[in-house]
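Below is one structure; the comments refer to it alone.
Quick look at the structure:
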């Protein structure tokens, strides 16, 4: 069966884009085995003839500084990662532990990044898509089907679906969210040493009160996203104070 690029909204009629008979049978299996709930979309893809299913997600769309990071991961069919969860629901310590498990169990995994300069040149959405495509293209073997958190990826020739809240519904997407989050956190911790005083190791570039106070005290540094409205406004205010 050939798939178009579509948006899938779980538990709605759009799930019928999967073959209806297979969808009904697998839904019953998931109901009777809660440990398989994370594999619903992966198993539907396998049953539709795909063999290399990649989950893709990103971290870092909202911060005022640093890169946006995407991850892609392919697991062997049937592998269940115990304790998998959306990265935002896990402690940093738990994410680090799962990072090791995911990278050990995966057939392959990869990271794609887009830095602050490209974000300012393109905008954050296009930069996110670029990071995702980078991650996908690094996979070896390459995927023949992609599960993406939330939205589909433009200019990607591989068959894909975008799953609303995918990092809470798909093991592959949740794993990608963990890889992306841990990788980006590590990058921001390195920036904390390069740009002391901003607290990047704590807030990871997000617009916290501490971060905004640090900008007011030290000014805007190299990795701040100058195209973001809060940074532009802070820059204008700092210029007025300096006049």
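Residue numbers (the numbering used here): 4 to 246. Note that CB positions come from ideal geometry on N, CA and C, so glycine has one too.
Report task. Take the Cβ of residue 152 as the centre, count every other Cβ of all protein chains shown within 10 Å, and call the residue buried at 16 or more, exposed below. Result -> It counts as buried.
Query raised in the report: Rounded to a whole number of angstroms, what is the C-alpha to C-alpha distance between residue 142 and residue 239?
Result: Rounded to the nearest angstrom, the two C-alpha atoms are 43 Å apart.
Query raised in the report: For the putative contact between residue 77 and residue 56, defined by C-beta atoms under 8 Å, what is the C-beta separation to the nearest angstrom?
Result: Confirmed, Cβ separation roughly 7 Å.
Query raised in the report: For residue 112, which beta-bridge partners are listed by DSSP?
Result: Residue pairing by DSSP puts residue 112 in a beta bridge opposite 76.
Report task. Check whether the Cβ atoms of residue 48 and residue 186 sit closer than 9 Å, and answer yes or no. Result -> Taking 9 Å as the Cβ cut-off, residue 48 and residue 186 do not qualify as a contacting pair.
Query raised in the report: Run through DSSP, which three-state label would residue 186 get?
Result: Residue state for residue 186 is assigned as helix, using DSSP reduced to three classes.
Query raised in the report: Taking the alpha-carbon positions, what's the residue 119 to residue 227 distance?
Result: Per the coordinates, the alpha-carbon of residue 119 lies some 7 Å from the alpha-carbon of residue 227.
Query raised in the report: Could you give the distance in angstroms between the alpha-carbon of residue 231 and the alpha-carbon of residue 117?
Result: Between residue 231 and residue 117, the C-alpha separation is close to 15 Å.
Query raised in the report: What residue from 201, 82, 67 has the CA that sits closest to residue 46's CA?
Result: Residue 82 is the option with its Cα nearest to residue 46.
Report task. State whether the segment 58-67 contacts the segment 192-209, with contact taken as three or more CB pairs (one from each stretch) at a distance under 8 Å. Result -> The segment 58-67 and the segment 192-209 touch, with no fewer than 3 CB-CB distances between them shorter than 8 Å.
Query raised in the report: Considering only the beta carbon of each residue, do residue 149 and residue 71 sit closer than 9 Å?
Result: Note that the C-beta distance between residue 149 and residue 71 is not below 9 Å.
Query - Completely contained alpha helix (DSSP H) runs for the segment 174-245, where each covers 4 or more residues - result: Taking only runs of at least 4 residues, the alpha helix (DSSP H) segments lying wholly in the segment 174-245 are 174-197, 203-206, 212-221, 232-245.
Report task. Would you mind listing the alpha helix (DSSP H) stretches within the segment 117-147 that are 4+ residues and don't spill past its ends, in chain order? Result -> Runs of alpha helix (DSSP H) with 4 or more residues, each lying fully within the segment 117-147, are found at 119-125, 127-141, listed in chain order.
Query raised in the report: Between residue 202 and residue 223, what straight-line distance do the alpha-carbon atoms span, to the nearest angstrom?
Result: The straight-line gap separating the alpha-carbon atoms of residue 202 and residue 223 is approximately 13 Å.
**Report entry** From 163, 213, 134, 156, residue whose alpha carbon lies closest to that of residue 115
**Finding:** Checking every option, the nearest Cα to that of residue 115 belongs to 134.
Query - Proximity of residue 62 and residue 184 at Cβ, strictly below 9 Å - result: Yes, the Cβ-Cβ distance between residue 62 and residue 184 is below 9 Å.
Query raised in the report: Buried or exposed: which applies to residue 221, given that a residue is buried once 16 or more other Cβ atoms fall within 10 Å of its Cβ?
Result: Per the 10 Å Cβ criterion, exposed.
Query raised in the report: If you draw a straight line from the alpha carbon of residue 100 to that of residue 138, how long is it in whole angstroms?
Result: Per the coordinates, the alpha-carbon of residue 100 lies some 22 Å from the alpha-carbon of residue 138.
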